[in-house]
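Residue numbers (the numbering used here): 8 to 211.
So this is what it looks like as structure tokens:
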């Protein structure tokens, strides 16, 4: 099984859009940090990232990994979609297929896409995953109270939560508390496809 580290934020449309995402991230981290009343040091401690990294992000001088973006979103109590500046406000918001943002991929062909997200009242995100045979993606613990739901549409997911492995075949679903280390793996010989929803409690 191959472990692949999360790559820097990117999308499936055009690498040129990366600059826009980086600037949006910078603007929104500054905005939400100020709204929460967090200093750079406070946010760095809550997110588990360095103060220097936050400064680079807020100045749009770096393209952080998806892991770092998730940690910052969790610390601020907002979704990744909000950090990346999806349009907010309408009661009904349609996200076209070509606006789904690819946040992780491997040379072997695995990837995930953030399909949509909102605040309800905490961050709520919908993801599309494709995991190739022999590959897996590990995630750090999310804030206490975070829940994930997965539905496997093809192949079989090997879900490991807090060191315990669970087989989730095509057609089956699983829910789990995601405040412990967890890993999504494909130990089969065909690609695994799943849809995942993540609900994070609001910042207290």
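Ideal placement from N, C-alpha and C gives every residue a C-beta, glycine not left out.
The model shown is predicted, which means the values in this text are computed figures rather than measured ones.
**Item:** Simplified DSSP state of residue 25, which is helix, strand or coil
**Value:** For the purposes of this step, residue 25 is taken as the residue at position 18 of the chain shown. Note: residue 25 maps to helix in three-state DSSP.
**Prompt:** Run through DSSP, which three-state label would residue 54 get?
**Reply:** Within the chain shown, the letter at position 47 stands for residue 54. Helix.
**Item:** contact_flag[the region 101 to 109, the region 143 to 157] where n(CB pairs < 8 Å) is 3 or more
**Value:** no
**Asked** residue 30: buried (16+ other C-beta within 10 angstroms of its C-beta) or exposed?
**Response** The residue you call residue 30 lines up with position 23 of the chain shown. The residue is exposed, with fewer than 16 neighbouring Cβ atoms inside 10 Å.
**Asked** Should residue 127 go down as buried or exposed, given a rule of 16 or more other Cβ atoms within 10 Å for buried?
**Response** By one-based count along the chain shown, residue 127 stands at place 120. So residue 127 counts as exposed.
**Asked** Could you give the distance in angstroms between the alpha-carbon of residue 43 and the alpha-carbon of residue 86?
**Response** Within the chain shown, numbered from 1, the residue matching residue 43 stands at position 36. Within the chain shown, numbered from 1, the residue matching residue 86 stands at position 79. If you take the alpha carbons of residue 43 and residue 86, they lie about 14 Å apart.
**Residue from 198, 149, 84 and 27 whose Cα sits closest to the Cα of residue 119** = Counting from 1 along the chain shown, the entry for residue 119 is found at position 112. Out of 198, 149, 84 and 27, 198 has the C-alpha closest to the C-alpha of residue 119.
**Asked** Are the beta-carbon atoms of residue 203 and residue 134 separated by less than 9 Å?
**Response** Translated into the one-based positions of the chain shown, residue 203 becomes position 196. Translated into the one-based positions of the chain shown, residue 134 becomes position 127. Result yes, Cβ atoms of residue 203 and residue 134 sit closer than 9 Å.
**Anticipated Cβ contact below 8 Å, residue 181 with residue 163, distance rounded** = Here residue 181 refers to the residue found at position 174 when the chain shown is read from its first residue. Here residue 163 refers to the residue found at position 156 when the chain shown is read from its first residue. Actually they do not touch by this definition, with Cβ atoms about 12 Å apart.
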